[in-house]
Each structure stands twice: as C-alpha cells, then as structure tokens.
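In what follows, a single structure is set out as structure tokens and then discussed.
Number of protein chains: 2
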Amino acid sequence: MREVAIIGVGCTRFTELWETSFRDLFVEAGLSAIEDAGVEGETIDALYIGNMSAGRFIEQEHLASLIADYAGLASINTPSTRVEAACASGGLALRQAVLAVASGHHNIVIAGGGEKMTDVGTGDATDVLSAAADREWEGIMGATFPGLYAMIARLHMHRYHTTSEQLAQVAVKNHYNATMNPRAQYQREITVENVLTSPIVADPLHLLDCSPITDGAAAVILAPGEIARKYTDTPVYIKATAQASSTISLHDRRDITTLDATVAAARRAFEMAGVTPDEIDIAEVHDCFTIAEILAIEDIGFFKKGEGGRATEEGLTAIGGKIPVNTSGGLKACGHPVGATGIKQAVEVTEQLRGEAGKRQVDGAEIGLTQNVGGSGGTAIIHILQR
Amino acid sequence: MREVAIIGVGCTRFTELWETSFRDLFVEAGLSAIEDAGVEGETIDALYIGNMSAGRFIEQEHLASLIADYAGLASINTPSTRVEAACASGGLALRQAVLAVASGHHNIVIAGGGEKMTDVGTGDATDVLSAAADREWEGIMGATFPGLYAMIARLHMHRYHTTSEQLAQVAVKNHYNATMNPRAQYQREITVENVLTSPIVADPLHLLDCSPITDGAAAVILAPGEIARKYTDTPVYIKATAQASSTISLHDRRDITTLDATVAAARRAFEMAGVTPDEIDIAEVHDCFTIAEILAIEDIGFFKKGEGGRATEEGLTAIGGKIPVNTSGGLKACGHPVGATGIKQAVEVTEQLRGEAGKRQVDGAEIGLTQNVGGSGGTAIIHILQR
Numbered sequence: 015m016r017e018v019a020i021i022g023v024g025c026t027r028f029t030e031l032w033e034t035s036f037r038d039l040f041v042e043a044g045l046s047a048i049e050d051a052g053v054e055g056e057t058i059d060a061l062y063i064g065n066m067s068a069g070r071f072i073e074q075e076h077l078a079s080l081i082a083d084y085a086g087l088a089s090i091n092t093p094s095t096r097v098e099a100a101c102a103s104g105g106l107a108l109r110q111a112v113l114a115v116a117s118g119h120h121n122i123v124i125a126g127g128g129e130k131m132t133d134v135g136t137g138d139a140t141d142v143l144s145a146a147a148d149r150e151w152e153g154i155m156g157a158t159f160p161g162l163y164a165m166i167a168r169l170h171m172h173r174y175h176t177t178s179e180q181l182a183q184v185a186v187k188n189h190y191n192a193t194m195n196p197r198a199q200y201q202r203e204i205t206v207e208n209v210l211t212s213p214i215v216a217d218p219l220h221l222l223d224c225s226p227i228t229d230g231a232a233a234v235i236l237a238p239g240e241i242a243r244k245y246t247d248t249p250v251y252i253k254a255t256a257q258a259s260s261t262i263s264l265h266d267r268r269d270i271t272t273l274d275a276t277v278a279a280a281r282r283a284f285e286m287a288g289v290t291p292d293e294i295d296i297a298e299v300h301d302c303f304t305i306a307e308i309l310a311i312e313d314i315g316f317f318k319k320g321e322g323g324r325a326t327e328e329g330l331t332a333i334g335g336k337i338p339v340n341t342s343g344g345l346k347a348c349g350h351p352v353g354a355t356g357i358k359q360a361v362e363v364t365e366q367l368r369g370e371a372g373k374r375q376v377d378g379a380e381i382g383l384t385q386n387v388g389g390s391g392g393t394a395i396i397h398i399l400q401r
Numbered sequence: 015m016r017e018v019a020i021i022g023v024g025c026t027r028f029t030e031l032w033e034t035s036f037r038d039l040f041v042e043a044g045l046s047a048i049e050d051a052g053v054e055g056e057t058i059d060a061l062y063i064g065n066m067s068a069g070r071f072i073e074q075e076h077l078a079s080l081i082a083d084y085a086g087l088a089s090i091n092t093p094s095t096r097v098e099a100a101c102a103s104g105g106l107a108l109r110q111a112v113l114a115v116a117s118g119h120h121n122i123v124i125a126g127g128g129e130k131m132t133d134v135g136t137g138d139a140t141d142v143l144s145a146a147a148d149r150e151w152e153g154i155m156g157a158t159f160p161g162l163y164a165m166i167a168r169l170h171m172h173r174y175h176t177t178s179e180q181l182a183q184v185a186v187k188n189h190y191n192a193t194m195n196p197r198a199q200y201q202r203e204i205t206v207e208n209v210l211t212s213p214i215v216a217d218p219l220h221l222l223d224c225s226p227i228t229d230g231a232a233a234v235i236l237a238p239g240e241i242a243r244k245y246t247d248t249p250v251y252i253k254a255t256a257q258a259s260s261t262i263s264l265h266d267r268r269d270i271t272t273l274d275a276t277v278a279a280a281r282r283a284f285e286m287a288g289v290t291p292d293e294i295d296i297a298e299v300h301d302c303f304t305i306a307e308i309l310a311i312e313d314i315g316f317f318k319k320g321e322g323g324r325a326t327e328e329g330l331t332a333i334g335g336k337i338p339v340n341t342s343g344g345l346k347a348c349g350h351p352v353g354a355t356g357i358k359q360a361v362e363v364t365e366q367l368r369g370e371a372g373k374r375q376v377d378g379a380e381i382g383l384t385q386n387v388g389g390s391g392g393t394a395i396i397h398i399l400q401r
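Protein chains in written order, with my numbering: chain A, 15 to 401; chain B, 15 to 401.
Okay, here's the thing in structure tokens:
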C-alpha cells in the first residue's frame, strides 16, 4: 500500500456565483490546484470528480468526461471518474483518488468536488437534496433534511439536555471563523440571539442553524508519498482514509443521536493512522446543521456522547481551544456546495498544516482530520492528514 | 500492484421489470453473485455501484448507501461507493473495485451496476439519457443519442462505403446470439429486412439499429488473485483495466468515425495485459446502436478502420467466426439498462471463460475483452479477462 500525499490545493470562492457555470467552477478550482502543485497538465494521470446531483440541478450527467474536456485533458484522454454519495461526494472523490494512487495504477491524480446549486433544473434545491434520503420511505412522507436533522436534535436535547443556545454556539463560532476566511460565503459575525430569533425552519432548528445553498468547487492534487517532495516543500500525507455506510433511513437506526457510520469510519481511520482523537490538532467536520457538528465531535471521539453541546459552549472547539473545529467556517458559514464540501475540508486542513491559513491559523497544527457525511448519516468518510 | 480476480457473478433478467424496484434489482444481482462466489456477507469489504441517472429516473441519489442498506450490509458499516460515467457507469464500477483491491485497502469487493429505466420521474427516458451529452452545446440544440450516432453512421457510410445492410447485420447477429441467452430482453431472431423496414429513428438508423430501454442489474465479486482459488476452481483474472476520456461533444472531435477514447483505452489495456487484439477469443462491446459495434471492433483493433461493416457481413464477428462479438446479444438484444451494461459484459465474458455459457459457448475461450462507452465516446473503459 503506497503512501499518498497532497501536493497542491485550490478552491473557488464559495457563494452564489450567478455568472459562473458548473464547468467553469471545476476548471477554476482545478487550475488553481495545478498551479499550487506546480505540475504540468500532461503529467496528470487521472481525475476524480465528486458531485451529488448535477443531473437534477443542471440536467447534466457524465460529469467526469465534461470536466476532463473543459480542463483541456480530453486531448490526452486522461481517465476521469465521477463519484456520488450525496453531500459526502467530495470526500468520496478524495478517497477514490487516494486508492488509485495507492494501487500503483496512477501517480499524479486530481480529486475535485463541486456543485452548482443556484441553478435548479427540476424541482427546488430542497427537493433535489431530499434525494439523498430514502425516496420510498422518507421523501414520500415529505421528509426533508432540516426535518430529519430536527428529529435528531430533538432527541439529543431530550436525552442529553443539549440546549438551543449550545446549538446556536456552533453557528456563532463558525461564523466567527469565516470572518477570517476570504473564500467563505458569510464573512460576518452573528450572535446567539441572532440564531434564536431567526425563523424556525424545522423545530428546534432555526434558519441560522442551517447551512446555506452555495455554488463552489475545490480540488487537491495527490502524488505517491515517496516523490511528493519533488513537487513541494510542504507535502501533507494522507495517513488514513476510511469510509462507512449505515442505513439510509433515519427510522432504521438503532439510535439516531449517534451516526454509526461516523463511529465506524473514525475507528477505522484512527487505527489506520495509528493515532488517537487526542492527537488531532484541527478538524473540519460536517456541520450541515448545528446539531450535526455536535454529533460529529462526539462520534469521532473528541468528546463523550452527550457532552458536545457543553464543550462547544465552553469554547473547546474554537480556535485556541482543545480541538479547533471548522476553522474554515464549516458548511454553516463557509458554505455548502454539496459535492465540493469534502474536498474543501481537505483544502482547509492542508492549508492549516502548511501554516498558510492566515488569520485563522491554528499554531503548530501537525495532524488534522476531515469528516464528510452523506444524507442523514448513510455515508461517512474520514481522512487523517499529517504534515 | 496486486493481481485481481473475479470469483463470482450474478445478473438479473434484462427486460421491462415493472414489478421490481431499483433496490430489488441490485439486491437480486448481488445475492446471486455472493451465492456464486460462496462468500459470506460479513467478508465483503466494500461495494461499488455503477448507475447513470437514478436521480432523474426514480429521484433517488445516495445509491451506494441505499444498496448497502438493502443488501443487509449497513449493520456492519460496509463502505459503498456509487460511480457514474453515463452508459459506462458499470465498467467504471468494475474498474474502481479493481483499483480498491489492487491498492491493498480491500480484499473481497462487489462491483454492481444497474438501472431502472421504465420508471421515469422527470422527463422521458430519451431526455434523461441526453444528459450524457453536453447539455449546453448538444442537448440545448435538441441532439439526442440516436441523432448523434446517426451522424457518426452517415459519415462512416460516406467515407468507408459501410452499408445499411451491414449495420443491420450487427442487429441480426446480436438477436441470434440472444436467442441462446435466457437473460436477454429479445430472445428472437430478426432478419436484415426486418431492420431495414423498421421505422427510421434518426436517418440512417432504424428502430432495430437501436438498443432498447431496459431494467436490470448485474454484479461481480472480486478478490486478490493470490487467494481467489480459496473461493472458486474457476477464477477469472483481470489482466488489464483501462479508461480514457475524450471530448464530451461530438463536434469537438478530430474525427467522428473513430472514438479516440476507445483507441486510447485499448492501447493501454493491451499494453497492461501484454496481449494483442489477435489473442482475444471473445469480446463484449458497446453496441448501443449498430454503428457503435462497427466503431468498436475497428477502434479496438480487431479490424482495420473502415472494414468493420464488411467483417460483420462476412460473419467474422459471429460465434464461430474470427472474433465472436457480443455473444450475450449485446446491448441491442440482451438489453441496455445503462448502469448495468458494463458489469453484464464482465458477467458474460466470465461465464464464457469458465465454459458456462450454454448454447452460446465459444469453444476454448481463454482471453476475453469488454468495452463500455459513455455518451457518444466521452468515456471508454476496457477490461481484459483471462481464465
């Protein structure tokens, strides 16, 4: 099993990009990563593209061919693969790219992720996103993702005395972090009161407990670990890639206050990397709703089950705290172009481990973790990165 | 790079399966492959799922989680990955599964492919399929796949004197082969006259030059080559996996009578396997339209460019000919559930190499090839299998 390293990263602005098409988003992120890595286009052996639902957002499938073409790689017939796992599509693209390099079939590989969500071909964005849940048992009953996560939040509050204020603190922290991230969709601070007085979307979740609809793309370039220093003085090594599934429907879970897929993926990732949660210096987790960040920091093992809300309230997940979480602003404030998110998490962690995160830099960060979730937890993908 | 072998195969009936849901199709194919391999569910390390457009056909994404769940693998959190490359999604699932085993990350892996095409949520099937072409430059002009392949056929006829009768012979041969395949959608013979008197869909392509709309799923089980004989006396080794991209749009090609992606993938595959086209005993190629089989047998290198029509007319691609092509009946007569096709090709070749193909058995077949195409040639995936 060959070691794999990240040798370049790129990311577009995350926001409503009305003048930028789907293909332009990917090309911008990819070229930016290529420039960062200092590789030539001809040396790229393969592309992996994470995207959830261009079929419905812009009525375009066969995305890997499209992106290889518009990236100028069709003339050299570069193999290009699209993967999909709902909102975990980006993390999945990274993982498949890692396996492709680890297998020895490919050397220099791009993993990109993106979503164009402000153009909606069929239905509205909430309807398109609901296809990540079980259409026959959840969608048909009118369940949308705010509704599903609201049920999770309600039980977590009941069982562990997690409060609406604690959920709000996740959003407040992530908005604050986003003020220091020039790529973020919402570069402005909010208060707990702002969250609690924002409209209810699905009780107990307010508007400001929810991640937004966003356009954006991100890309990383991988190389075998043994040649990474040919390209960069600051390679970031992928010490673990782990993926796990759980039931797609919430009602089939043994417990909805734990995402079993996250627990299983985290266990596999820590074992593969040979580290413990205490050794992680920085984490980007999947805060599609504020409750999702609470679940993540518990299920990964940073805090005991039920203590995520209090830990957030006490500032333990802020920059300068025990384990800084979502320094990018997270899905909540950096934005959540669903297919891009898993790759953007790796971009953020890479920049932190290189010491290039500007005002939001976590001093001395050496080991970082990304957690990307599909649906209400049917898929979880975890990577551990080390400088 | 570890060697990889197929240790089990499974396939549903290919036809209009009105009473069978998308999830049931996959589970049927997967369980049949598991039974064939004699493995236990708990030993399965990962699933790869090929599907083009469940997002639009049945408004369901996050398919890998769904299938892992309904296959009973959610309780052990088996990682499950969906890949998409339009009609090459099945071949792509096989390829990613091969890389996952070759990388050393996984041992026993299922690669499945399927499509439920008779249920259409948004638009009609032709409209859904047109998303495999460039939406902004082809779809918007009204181009559908029969139209795109008709343009290819017209130029091939003009340049190489390929005739409508020769195209029809592809359909006649594949329908004849399908009479011996109990899984095939159309198990009945047709004549050249039947083809030529069937309605024109897109001149010069008649209705019987076109593959049908089909429901179906197929699955294969992979293991590292060195332990394959623990599970089966008849392992089939994957000697090459190759993938290539080309421009997604037809109008951007240097020549539309050659699929450059097929040429590039074939070159890579033959180099990896260390064999020549003459050494291939049997091939399943992507005959979505009759002209596509002509292109395939030329671009792979079985015949010189321009001689595919005559070779077909002379029976060189029939069972008993120089290189039997599409013994399953191909996409034309076995049916074309788009995400399933690439896996079904591997199932057919595996059964032939094992000597289990019944009445359509090619005597002494030792090396087989599969060619799976996405769109009008934006993606091509080739595998070479050896018993």
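Cβ coordinates follow ideal geometry from the N, Cα and C atoms, glycine included.
Here N188/B carries a helix assignment [DSSP, helix/strand/coil]. Shown in chain order are the members of the segment 88-110 of chain A whose Cβ falls below 7 Å from a Cβ of chain B: A88, N91, T92, P93, S94, T95, R96, V97, E98, A99, A100, L106 and Q110. With contacts defined by Cβ atoms closer than 9 Å, V23/A and T364/A form a contacting pair. C348/A: member of the alpha helix (DSSP H) spanning G344 to C348, first to last residue.
For S67/A, the C-beta contacts it makes with chain B under 8 Å involve G69 and E75, in order along the chain.
Rounded to whole angstroms, the separation of the alpha carbons of V387/B and G52/A is 33 Å. The Cβ of I20/A sits no closer than 9 Å to any Cβ of chain B. The criterion of a C-beta distance shorter than 9 Å is not satisfied by N340/B and N208/B. Comparing alpha carbon positions, the residue from T248/A, R368/A, H175/A and R109/A closest to G322/A is H175/A. Proximity to T92/A across G105/A, H119/A, E73/A and G69/A peaks at H119/A, based on C-alpha coordinates. Sequence-ordered contacts of the segment 356-378 of chain B with chain A are nonexistent [C-beta pairs closer than 7 Å]. Any Cβ of chain A closer than 9 Å to the Cβ of L113/B would place that residue at the interface, and such an atom is present. In the structure shown, S259/B falls within a strand segment according to DSSP collapsed to helix, strand and coil. Between R37/A and chain B, the shortest Cβ-Cβ separation is below 9 Å. With fewer than 16 other beta carbons inside 10 angstroms of its own, D292/A counts as exposed. S117/A and H220/B have their C-alpha atoms spaced approximately 44 Å apart.
Here DSSP, grouped into helix, strand and coil, assigns F284/B to helix. Interface flag for E17/A against chain B is unset, since no Cβ pair is found closer than 9 Å. A contact is defined here as three or more CB-CB pairs under 8 Å, and the segment 38-46 of chain B fails this definition with respect to the segment 381-400 of chain B. Excluding the 5 residues flanking it on each side, G343/B has same chain C-beta neighbours closer than 6 Å at N188, N191, A192, N195 and A198, in chain order. Secondary structure at R149/B: coil, using DSSP grouped into helix, strand and coil. The straight-line gap separating the alpha-carbon atoms of H172/A and T246/B is approximately 53 Å. Contacts with chain B at 9 Å (Cβ-Cβ) include S117/A. Shown here, H172/B sits in a helix according to DSSP, grouped into three states.
In the three-state reduction of the DSSP assignment, I235/B falls in the strand class. Assignment of F317/A by DSSP, reduced to helix, strand and coil, places it in the coil class.
Rounded to the nearest whole angstrom, the CA to CA distance from D295/A to G369/B is 57 Å. Less than 9 Å separates the beta-carbon of D229/B from that of T34/B.
Judged by DSSP in its simplified three-state form, V41/B adopts helix.
DSSP places Q74/A outside both helix and strand once states are collapsed to three, so it counts as coil.
The segment 153-161 of chain A and the segment 272-288 of chain A do not touch, with fewer than three beta-carbon pairs separated by less than 8 Å.
Close CB contacts of R96/A within its chain, under the 7 Å cut and outside five residues either way in sequence, are with I63, N65, L77 and A78 (chain order). Remark: C-beta atoms of L61/B and A102/B do not approach each other more closely than 9 Å. Chain-ordered listing is empty here: chain B has no CB closer than 8 Å to the CB of I296/A, the nearest sitting near 25 Å. Its Cα nearest to that of L80/A, the residue S263/B stands out among V352/B, Y200/B, I357/B and S263/B. Taken in chain order, the complete beta strand (DSSP E) segments of 3 residues or longer contained in the segment 86-142 of chain B are 94-98 and 123-129.
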